[in-house]
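**Student:** Below you will find the structure I want to go over with you.
There are 2 protein chains.
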Amino acid sequence: MPSAPVDLRLNAIVDPERAGGRDLAELARLCAQGGATLVQLRDKRGETRAMVEQARAIKRALAPFRVPFVVNDRIDVALAAEDDGVHVGPDDMAVEDARRLLGRHAIIGLSIKSVAEAEAAPIDLIDYVGSGGVYVTLSKEQKKPPIGPEGLARIIAVLKRRNEKLPVCGIAGIDASNAGEVISAGADGVAVISALSLAADPAAAARALRDIVDAGLAKRGT
Amino acid sequence: MPSAPVDLRLNAIVDPERAGGRDLAELARLCAQGGATLVQLRDKRGETRAMVEQARAIKRALAPFRVPFVVNDRIDVALAAEDDGVHVGPDDMAVEDARRLLGRHAIIGLSIKSVAEAEAAPIDLIDYVGSGGVYVTLSKEQKKPPIGPEGLARIIAVLKRRNEKLPVCGIAGIDASNAGEVISAGADGVAVISALSLAADPAAAARALRDIVDAGLAKRGT
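First to last, the sequence lines map onto chains A and C. Note that my numbering has the first sequence beginning at 1, numbered continuously upward. Note that my numbering has the second sequence beginning at 1001, numbered continuously upward.
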């Protein structure tokens, strides 16, 4: 685990299938410039060599901002590009294996979609949670109906009971219109894909989202 | 690199898309029983968690035979399942990165499809080469026409000039009808997919192929 908790206020996810043709490193740079606090590369179809090169380019783009960078699923890519860690879901490598391979200082994020998963998660081995799908999204095939802010609040309650310091962000279909209610539901931040990568001005979109999140956290007194 | 050269006489590749519904661990066991000297898991579409479990099952199945086991492309799966190494191609992780991540004792195999690739390969970092496509195959989309035994012989000549001890096997479309001419072309063995995995009796098919390879090597005086 990193020495300080992961700042999860604005988790920007860049995905070649949801980038509208934009260069992902440039997109990551714009997100960081606008206030993203964590960047994730998600590429479910790419070839390994291209993914490693992509990860290295994003890492270079983020270096001036000191924004941590994780890769979805692929521990091999994270190791080769010396990223800060990985984000894993139920079909990806088990958290126990990922922690063993990446070491104790790496960031490991975990997707959690239900109260049952929140109860069962290896909570001492993870650094943050992405929970959802909160709303309907076009960025990923959704197998279950959205859980909504109420479902998110129930999952967060379980996670915070198990470890009150574990940062949790909502994910799926989040944009400036609903980010406020995600924070009101108890989340420490939002994970955003299309609302950043398909925005005309991703840096401005990131700034707007950060303002909403920061205001929501201030209102809650966090 | 492992302490002894890799025995490449019969490199059995198991692939869920070319297994005719067979369990891959059982298939690997039958191949080893019949005389396979190296087993590779190739899975270009699977999810990471399932691939790690599959690799662990194959490793357990091969343990009694002491047949080394590598995974195609995925360094993360090789590390998690503690396989003996990886086989990489031009779209996979660069050999330099793979060697750095896997350490000096791991087996690293490389696909080489042309004389130019043979000249350029990082020969001191690899343990064996799979070269082809020698013949037409249905196991993989082929972007170039087959190189035939003559093309294979030209590639082998370059590789052996650079390192006479580097084992090279032919790959693509190899079965009992043509394995002999692959060895006559100078190969140290054959890589086989469908002729083993789709055979009615994979152990018998492996034994027949090993006999042909062994006879060809004896004729060449190796």
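Here a beta-carbon is modelled for each residue, glycine too, at the ideal position from N, C-alpha and C. Values in this document were obtained by computation on a predicted structure and should not be read as measured data.
1) So what does DSSP say about residue 123 of chain A, is it helix, strand or coil?
2) Which residues in chain C sit within 8 angstroms of residue 193 of chain A, going by Cβ to Cβ distance?
3) Starting from residue 1012 of chain C, trace the beta strand (DSSP E) in both directions and tell me its first and last residue.
4) What whole-angstrom Cβ distance do residue 1040 of chain C and residue 1070 of chain C have, given they're in contact under 8 angstroms?
5) Based on Cα-Cα distance, which residue from A:76, A:86, A:53 and A:95 lies nearest to residue 68 of chain A?
6) Taking a cut of 8 angstroms between CB atoms, which residues from the stretch 43 to 59 of chain A lie near chain C?
7) Take residue 1064 of chain C as the anchor and find which of C:1216, C:1021, C:1025 and C:1164 has the nearest alpha-carbon.
8) In its own chain, which residues sit with a C-beta less than 8 angstroms from the C-beta of residue 1059 of chain C, not counting the 5 before and 5 after it?
9) Compare the C-beta of residue 1125 of chain C with all C-beta atoms of chain A and state if any pair is closer than 7 angstroms.
10) Would you check if the distance between the CB atom of residue 109 of chain A and the CB atom of residue 137 of chain A is smaller than 7 angstroms?
11) Fully enclosed by the stretch 128 to 166 of chain A, which alpha helix (DSSP H) runs are 4 residues long or longer?
12) So if DSSP puts residue 169 of chain A in a beta bridge, which residue, or which two residues, is it bridged to?
13) Cβ of residue 1075 of chain C less than 7 angstroms from any chain A Cβ?
14) Are any of the Cβ atoms in chain A nearer than 7 angstroms to that of residue 1110 of chain C?
15) Which residue or residues does DSSP assign as beta-bridge partners of residue 1054 of chain C?
16) For the stretch 1144 to 1159 of chain C, which residues have a CB atom closer than 8 angstroms to at least one CB atom of chain A, in sequence order?
17) Which class does residue 1006 of chain C belong to by DSSP, given the choice of helix, strand or coil?
18) At the level of alpha carbons, what is the spacing between residue 127 of chain A and residue 1006 of chain C?
19) Taking Cβ positions, are residue 35 of chain A and residue 206 of chain A nearer each other than 7 angstroms?
20) Are the C-beta atoms of residue 1080 of chain C and some chain A residue less than 7 angstroms apart?
21) Using beta carbons (cut-off 7 angstroms, strictly below), is residue 227 of chain A in contact with chain C?
22) Measure the CB-CB distance between residue 169 of chain A and residue 153 of chain A and report whether it falls below 7 angstroms.
23) For residue 1091 of chain C, return the contacting residues in chain A, with the cut-off set at a CB-CB distance below 8 angstroms.
24) Would you decide whether residue 1120 of chain C is buried or exposed? Buried here means 16 or more other CB atoms lie within 10 Å of its CB.
25) Can you look up residue 1112 of chain C in the DSSP assignment and give me helix, strand or coil?
26) Throw me the rounded Cβ distance for the residue 231 of chain A and residue 134 of chain A pair, which I believe falls under 8 angstroms.
27) If you draw a straight line from the C-alpha of residue 1162 of chain C to the C-alpha of residue 1114 of chain C, how long is it?
28) Please check the pair residue 51 of chain A and residue 29 of chain A, which I expect to be a contact at CB under 8 angstroms, by giving their CB distance rounded to whole angstroms.
29) Does residue 1038 of chain C come out as helix, strand or coil in the three-state DSSP assignment?
30) Can you tell me which of C:1141, C:1131 and C:1096 puts its alpha carbon nearest to the alpha carbon of residue 1008 of chain C?
31) Assign residue 1182 of chain C to one of three DSSP states: helix, strand, or coil.
32) Under 7 angstroms, Cβ to Cβ, is there at least one residue of chain A near residue 1084 of chain C?
**Tutor:** Based on what the coordinates show:
1) helix
2) Under the 8 angstroms cutoff, chain C gives no residues; its nearest Cβ is about 20 angstroms from residue 193 of chain A.
3) 1010 to 1014
4) 5 angstroms
5) A:86
6) 47, 48, 49, 50 and 52
7) C:1025
8) 1069, 1081, 1082 and 1083
9) no
10) no
11) 148 to 162
12) A:130 and A:189
13) yes
14) no
15) In the DSSP output, where bridge partners are listed per residue, residue 1054 of chain C has none listed.
16) none
17) coil
18) 41 angstroms
19) yes
20) yes
21) Nothing can be reported for residue 227 of chain A, as the shown portion of chain A is limited to 1 through 222.
22) no
23) 47, 48, 49 and 50
24) exposed
25) strand
26) Nothing about residue 231 of chain A can be read from this structure; chain A reaches only from 1 to 222.
27) 15 angstroms
28) Actually they do not touch by this definition, with Cβ atoms about 18 angstroms apart.
29) strand
30) C:1131
31) helix
32) no
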